[in-house]
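Going by our numbering, the letters in the sequence shown line up with residues 34 to 122, in that order.
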Amino acid sequence: MKKPTKLQQHQSERISEITAKGRQRYLEAGGDPKRCPSGRKGNDYLTDEERQEILELSRQIFGVQIKDNQVDCQGRTWELSNKIEITQA
Numbered sequence: 034m035k036k037p038t039k040l041q042q043h044q045s046e047r048i049s050e051i052t053a054k055g056r057q058r059y060l061e062a063g064g065d066p067k068r069c070p071s072g073r074k075g076n077d078y079l080t081d082e083e084r085q086e087i088l089e090l091s092r093q094i095f096g097v098q099i100k101d102n103q104v105d106c107q108g109r110t111w112e113l114s115n116k117i118e119i120t121q122a
């Protein structure tokens, strides 16, 4: 596995910051400190903007691109099913 670039390290740190905010909100709402929120939308204690930022950063870090109903990730490409609604930023 190749060593992450400084940009990827910065992006990973930003994801950690955002998830730490969500964790703090979970605890402030009375969540169990020994457990984590489920991570599902509505139960992850993140705003829509934070969730979208994490998604975009993750795509950049891991090289996932969606274009013209095709997914390209780490040199592999495949077609998306027509049953899935595609959301692109």
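Just so it is clear, CB atoms sit at the ideal spot from N, CA and C, and this is done for glycine as well.
- Here the C-alpha atom of L40 lies approximately 26 Å from the C-alpha atom of Y78.
- Within the model, the alpha-carbon separation for G63 versus N76 is close to 13 Å.
- Q98 sits in a strand when the DSSP states are folded into three classes.
- For T38, the three-state secondary structure derived from DSSP is coil.
- Non-local beta-carbon contacts of E86 in its own chain, meaning distances under 7 Å to residues more than five positions away in sequence, involve I51 in chain order.
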